[in-house]
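Visitor:
Residue numbers (full-length UniProt numbering), protein chains in the order written: chain A, 1 to 265; chain B, 1 to 265; chain C, 1 to 265; chain D, 1 to 265; chain E, 1 to 265; chain F, 1 to 265.
1. Establish whether the CB of residue 17 (chain E) and some CB of chain C are separated by less than 8 Å.
2. Please say whether residue 228 (chain E) and residue 174 (chain E) have beta carbons closer to each other than 8 Å?
3. The alpha helix (DSSP H) that contains residue 141 (chain F), what's its start and end?
4. Let me check one thing: in DSSP terms, what residues is residue 32 (chain F) bridge-paired to?
5. Does the Cβ of residue 82 (chain A) have 16 or more other Cβ atoms within 10 Å, making it buried, or fewer, making it exposed?
6. In the DSSP assignment, what are the bridge partners of residue 70 (chain C)?
7. Quick check on DSSP: helix, strand or coil for residue 233 (chain A)?
8. CB-CB under 8 Å to residue 27 (chain F), same chain, minus the five flanking residues each way: which ones, in chain order?
9. Anything in chain D within Cβ reach of residue 241 (chain B), meaning under 8 Å, just list it in chain order.
10. Which residues bound the alpha helix (DSSP H) around residue 161 (chain D)?
11. Within this structure, are the beta carbons of residue 266 (chain C) and residue 217 (chain C) separated by less than 8 Å?
12. Measuring alpha carbon to alpha carbon, tell me which of B:170, B:207, B:142, B:137 ends up nearest residue 235 (chain B).
13. For residue 231 (chain F) versus residue 156 (chain F), is the C-beta spacing smaller than 8 Å?
14. For residue 201 (chain B), does the three-state DSSP call read helix, strand or coil?
15. Which two residues bound the contiguous beta strand (DSSP E) that contains residue 55 (chain B)?
16. Below 8 Å on the Cβ atoms is my contact criterion, and I expect residue 221 (chain E) with residue 189 (chain E) to pass it. Report the Cβ-Cβ distance as a whole number of Å.
17. Quick check: what's the CA-CA separation for residue 102 (chain F) versus residue 20 (chain E)?
18. Go ahead and label residue 125 (chain D) buried or exposed: buried means 16 or more other beta carbons lie within 10 angstroms of its beta carbon, across all protein chains shown.
19. Okay, do the stretch 200-209 of chain A and the stretch 236-243 of chain A touch, 3+ Cβ pairs below 8 Å being the bar?
20. For residue 104 (chain F), report the span of its beta strand (DSSP E) as first-last.
21. Please decide whether residue 218 (chain C) counts as near chain D, where near means a Cβ-Cβ distance under 8 Å.
22. Excluding sequence positions up to five away, which residues of its chain have a Cβ less than 6 Å from the Cβ of residue 148 (chain D)?
23. Could one say the Cβ of residue 135 (chain E) lies closer than 8 Å to chain C's Cβ atoms, at least one of them?
24. Can you tell me the Cα-Cα spacing of residue 117 (chain E) and residue 210 (chain E), whole angstroms?
25. Given a limit of 8 Å on CB to CB distance, which residues of the stretch 162-195 of chain B reach chain D?
26. With a cut-off of 8 Å, does the C-beta of residue 263 (chain A) fall near any C-beta of chain E?
27. On a Cα-Cα basis, can you pick out the residue from F:99, F:113, F:32 that is closest to residue 57 (chain F)?
28. Going by other Cβ atoms of all chains shown within 10 Å of its Cβ, with 16 needed for buried, is residue 78 (chain B) buried or exposed?
29. Determine the extent of the beta strand (DSSP E) in which residue 5 (chain E) is found, giving its start and end residues.
30. How many angstroms separate the CA atom of residue 186 (chain D) from the CA atom of residue 191 (chain F)?
31. Excluding the 5 residues flanking residue 84 (chain A) on each side, which residues of the same chain have their C-beta closer than 6 Å to its C-beta?
32. Just list the residues that DSSP pairs residue 184 (chain E) with in beta bridges.
33. Considering only the beta carbon of each residue, do residue 67 (chain E) and residue 47 (chain E) sit closer than 8 Å?
34. Taking only three categories from DSSP, how would you classify residue 27 (chain B)?
35. Going straight from the alpha carbon of residue 54 (chain E) to that of residue 196 (chain C), what length do you get?
36. Determine the DSSP secondary structure at residue 195 (chain B), reduced to helix, strand or coil.
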C-alpha cells in the first residue's frame, strides 16, 4: 500500500498500533480529533472531526487502505455516539466511496453481542444482542458496511474486538484479550487477501477460554499466536475472582451490560 | 388497553390503519409531524417531531401501547433519516422507559434484508443485508429495541413490513403484500399476548409466493387470511412482467437496491 | 389388531379415550391399578401394578398393540414416580420384549421440555429441559424406549402430550390443548403405519398458538383438525389473563416449573 | 411462450401431460424416440434420439421452453442409461446453450435420494443417496444443470418426481403420488416466474403422508391441491399392507433399492 | 475449596483419581459403599450406600464440591442400576440442594450415545441414543441434573467419559481414551470457572481419532494434552484388528451394544 | 494388504505417489492406459483402458485395495470424459463388486464445488456446485460410489483433491495444496480404518488459508502436517497477485470456472 489511514490514532488502541504499522504502507496517515503528538518520517498527521463531512472526505482522499478505530469506544450519551459513530461512520463510507473505495478495517466490538452468556460459543451468524448504546452503534456500523458492500462493492473487515491491550486486566479478559501482535497480524491478513468481502472477524487471541469461532474466515489465514492463559496467575493475585452472579462473570459484554443510559445534560 | 399511541398517523400506512384501531383501546392517541385532520371521538391528536426529546416524552406519557409507524419510510438523505429514524427512535425508547415501558410494535422493514434474492426463503435469523440508508436505519432500530429488551425488559414486535397497502401494485408485491386486515389482526395478536418478547415478525399476508417463514412466532397465533394471488390477473394486465435481469425481479428489496445515496444539499 | 392394551385406563385421559378405542381392535384390554368399572363387550379388564414384573408380563401377553398412559402423570414424590414411571416402564418394555414386541404408544409429556419459554418454537431435536421429577421420569422413558428400539427393534411413538382434555382450561392450554378426537386420529396413524420407528410426536391440536413443529413425522399422515382458539372467549371470561411474570405465561411447562420437590414422608 | 418442447412425449408420463399442455404455448413440439401418434393442431411432432447431438440441436432450435421427460425412467443396463440420460442430457444442454437458453424443466427423480428411510423428512439440501444406476444418472443430470446455471445462466427446475400417474397404486405412493393436475400447475409456475434459478422441486401432491419439504421454493407459488389420502381405502382393499421389513415400507425409493445392476448382454 | 467429595472412590477410576486430587481442596472426602483402605492426611473416608437418603445427606454436608463417580458403571440388572444410579442420584441432588448446592462433576458416559456409528462426529446436542440400561441411567442423570440447574441453579458438569484408564486397551479406545492427567486438568477447569452452568463435556483426550466436538465448552479452557495414538503400535501387537462387522468397530458404545438385558434373579 | 491397485499410475499424481506406496502392500499393481516404464520388484504393471469392461475386471481381480487416480483429470470434451470417468468408473465398481469389494480411494475433486467463493468455508454436506464437465463427472462418481455403498456395502473414500503436487504454484494453491506426504498419510489412514464407510474427505494440507472442514472424518485420524504458507514468499516473487476480479481470486475452482465446453471435433 502507498498510504494507509489510521483513525482514532490518539486513542488507547490507536496509540499502541500506530507504531506497529510502519511496514504496511509507505505512508501512514494518522488522524484523530485531538493532537497526535510527534510525527514519524513515514507518517502524516491529520486532525479531523468525523462528524465533519468534507473534512472526512479530505482525510480519506489518497488513501488505499483504512483502519478505522475512530469514534466513541465506550458507553456514552447518545448525542456523542450519534455524532461520532453514526454520522461519523456515514461520512467515512461516503468519503471512501468518493475516493476509490479503499479497503476498510472497521473496529466493531464484542458489545454487539454482549448479552450472550459466557458459556455460549458463538459463530459469526449469531443474531445481534448489543449491550448498550455503544454496542448498538456498532451494529449500525456493521449494517452500513454491509450495505456499501452489496450496493457498491466496498470491502470491509468487521472486526469485533474483544479487549485489545498490552495484557488482560480481568478474569473476563482471559477470554476476550487480543494482543497487539495478533491484531497486527490480522491487519496484515486483511490487507493482503486478494478478495476480502465483508466478513465478521472475532478479534481475540488464541486464548484457552475463548468464546468465538473464526473458522469461517480461515481463508484469510490469520492464526493468532498469543494466549491470555499465561496471565491467569497474575490476575488471580491481583484481584478476587468475580462472583458467579456478577455480570462480569455472566455476560460476554461484561460490565457494559450494567451501564445505564447516559443522560444528555 | 386504555390509551394506544399511533405515530406516523398522517402517513400512508398510518392513515389507513388509524380508522381500524378503534376497538383496540379506549383512546387512540394519533401523532405525526404534520396536521392530523379531523379527530374522532375516541381519538386525541398530538403533533410531534420525533427528534424532540421532551416532546416525545410527553407524547408517550400515559400510553400503554405504541404502534410506531413514524419516521422516514423511504430512501432519503442521511441527515433526515438520522433525525427521524435514529435520534427519533432513541427518543421514543427513552420516553417509553420513562413511562412504564408500554409494549411497542415497531415498523421495521423488508429493506433490512433487501439484498437477498427472491428465490431465497428466509427465517428470522437470516443475517441482515440492508439495501440502503433507510434499511440501515431499520437495522439500527431492531438493534436498539433488542438492547432495551435485554437491558430493561422493554418488549417490542419488530415487524418487517413488506408492502402494506390496499392491494399489491407490482409483480414483486404479489410476494410482499400485507393487507390492512392482516396487519390489524397482527396488531391484535401482538398486544393480546401475555408475553411478547422482542421477536421479528415478517409482515406479509398469506401470499402464494411469499418468501418469509413466520413459524418461530406461531406462539402469537397470527394467521393472515389474505392472499395477493387474487390480484395477479389485474397486475398482469396493468403492466408488463419484469425482465429477469431487473432488480425488481431479482432482489427482495426490489427497486430500493438501485437507489443511490441521496446527497445532502 | 386383535388385542390392544390400554394402561392407565381409569385415569382422566384413560377414561376419556377408553370408549373411543372400540373400532381399533377386536378386544381392548383395559388396565389400571384401581378398579376399572363396568366392562364393555369388546373389553377385558386387568387390574395391575406396573411395579410388579410378572403381573406386567401377564398384562402384555397376547396384545399386539399398547397405549401406555399408565403411571404417575403429575409431579409427585420420587419414590412413587420411581415405582410407577421408572420401574413400571422397565417392566412394560421387558414384557413387550418377551411377548413379540407389540408396537407401543408411550405417553411422554411436554414436561420433558417445560423450561423452554413460550416464545420458542421447538422441533423434535431440541435438547431436553424437564421441569420436575415427573418430567425427568418421562425423559427416562424416552431414553429407555429409544434403547429398546435400537437394540431390539421395539417400535414406540413418544407422544409428548400437551393438555389432552375435553377443552382447554387456561390461557396456556390455548397452545397445548389436544382434543380427544385428534388424539384418537393420532393413535390410528401410529398403529396404521407400516413402519413407525421411534419418533417423538408433539401431542397438540392444530391450535393457532401452538409451539411445536411436527413436520418430521409427516410420514405418519396425522393432521389434527381441532383448534383451541375457539375457546379463547370462554377462557377470557372465566379467568383473568396471566400476568407476564407468572410462570404460566413464561414457560411451556406452565405451573409445573414452580412445583417443589415433594418430600418423602 | 411461442413454442414449448416436450421430450419423452410418447412415454407414460409424457402421454398424460401432452394433452394438458395446450394452453401453455402457441405450439407444443412433442418428441420421442418412437412414433408419436396423431398430432393435434397446436402440436408439431419430432422423432429424435437424444444420443444424437445434431438431431437434438435441431429439436431444441426455436423453442422457448423445454419440459424434459425423455430418457430412461426406470432401472436399466448402464449402456442404455449412459446413452439416453448422460449423453442425451449433455446433448440437450448443449443444444439449449446454442439456441438461446430456453428455460428447462428437468424430470429428475426421488431415486436420487431413494436410500433415505420413509420416516425421514427431507429438505432440498439433503445429501444425495441414489438407489440405482437410474438414480445416479439423475444425480448427474442435476449436477450438469447446476453447472450450466452457474457457468452460463441456463435456468432449470430440477423436479424430483415421486410417482406421477392417474392415481397412486401402492401404499408407498400415498406419500409419493403427484397428480397430473398438480404437475400441470407446477409447470405453469415454473414457466411463469420472472426468475427461476436452478432449484430442486419435490414433485408430489399435497399428500397427508408426504416426506418432502418444498418451502424453499415458496417463491414459485406452487400449491398442489390433490391428496393421495383419498385413495387409501381403495389401496387397502386392492393389496395387502407391505410388511415392515419390506423395502417398499422402509426406503423412500421403494422397490428400486432392491433392483440389481442389470448386466450388459 | 475447603472440602471436595469424591464418590466411588474405591472403584477403578475413583482409585486412580483419588491420589491426584490432593491439591484441589484442603480436605478430600472419599466415599464408597465398600472399604476405602488407608486414609491420607488430607482425606476423610465415609462408607455410604447411595440408596440411603439420609446417609447421602450426611455425606454431602460440609462439602463445597462433588466429583460423583459413584454408582454402577457397567451394564447390570435393572434393580441394581435403579438403586445406585436412579435413586442414588436423586439422593445426591437432594442432599446437594439441602447443603448449599456445591458444584457437581457428574460422571455421565459415552453410553448415552453408544448407538451412533464410529464414523459420525458428534456435538453436544446430538439426540441421545443409549446402548443399554446403564446408558439409560446416565440419560436419566443428565436430565435430573438439568432440571436441578433450571429449577434451583444447581451447577453440574455432565462429563460423558469415554475410557478413562492408564492407557487404551483396544482399537476402539484409541478414540475414546481419556488419560488421568487430562481428566485431572478437566476437573481443575470445572471447579475453577466462575460460572459453570450445566454443560455436557466429552471426556476424551486429544486423540487423533476422536469422535466428539468440545468446542461449545471452550469457555472452560480445558485443553487435553494426551493422545492415544502413541499406543497404536502396542495395541496392534497385542490383539487383532476388529473385524468391520464387529460392533466394537461399528458403534461408539463398542461392546455395550451387544450386552443383553441382565435378568433379575 | 497383499495387493494394492493404483490406477492412473503414469499420470502426474500417479507417478509421484507410485514410488511412495511400497510399504502399504506386498504387491502394488500399477496401471494406466499408457506405458508404465520400469517396474520395481514390489510392482506389477497392467496397461488397461478403463472403458473396457472385461479388461477392468481382470485389472481388479486379486486386489484388496484400490487407489483410483485414473481417468481424465482436467476439463476435456464430453466424449472423452464419458468414456474414462463415467463408463470407466462404472466398470471399476462393477469389477470391484465382482471381486470381493476391495476398499476404494476415489480421486474426486474440488471441482465438484468449484463455484463456491473463496471466502466461503465448506463442510462435507455443502450442495454440489461443479465448475465444468470434469467436475460434473466427479459428482457422478461420488453418486455412483454412494449407491454402491448403500446397495452393496462397497466402501469408498471420496477424496476431493485440491492441488496435489510437489509445491503450490499459485496464490490459489496456498489454500488448495496437498503435499505428497500428506496424501500418503491419508492413504494409510483410509486403508487402516476398521470401517471406512463412504465419506467425503477434503484433500488439502494443513494450510493456513484452507477453505474446507474435515472434522467429520476425525475418526480416521488423519492429521496433515504440511502447510502451503511457507511457499508464500516464493509465489509472491514468481508472479503478480491475482486481481480481485480474476476468477482465480474469486472461486474455489479457480481457472476451471472460465473453461469453455470443449467441442467434439
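Note that CB positions come from ideal geometry on N, CA and C, so glycine has one too.
Source: prediction; values computed, not measured.
Guide: Let's see:
1. no
2. yes
3. 133-152
4. F:47
5. buried
6. Answer is none; residue 70 (chain C) lacks a bridge partner.
7. helix
8. 2, 3, 4, 42, 43, 44
9. 194
10. No alpha helix (DSSP H) holds residue 161 (chain D); the beta strand (DSSP E) holding it covers 156-161.
11. Because chain C is modelled from 1 through 265, residue 266 (chain C) falls outside the range shown and cannot be assessed.
12. B:170
13. no
14. strand
15. That residue, residue 55 (chain B), is in no beta strand (DSSP E); its alpha helix (DSSP H) goes 53-60.
16. 6 Å
17. 48 Å
18. exposed
19. no
20. 103-109
21. yes
22. 93, 154
23. yes
24. 13 Å
25. 171, 174, 175
26. no
27. F:99
28. buried
29. 3-7
30. 48 Å
31. 50, 71, 72
32. The partner list for residue 184 (chain E) (beta bridge, DSSP) is empty, contrary to what the question assumes.
33. no
34. strand
35. 45 Å
36. coil
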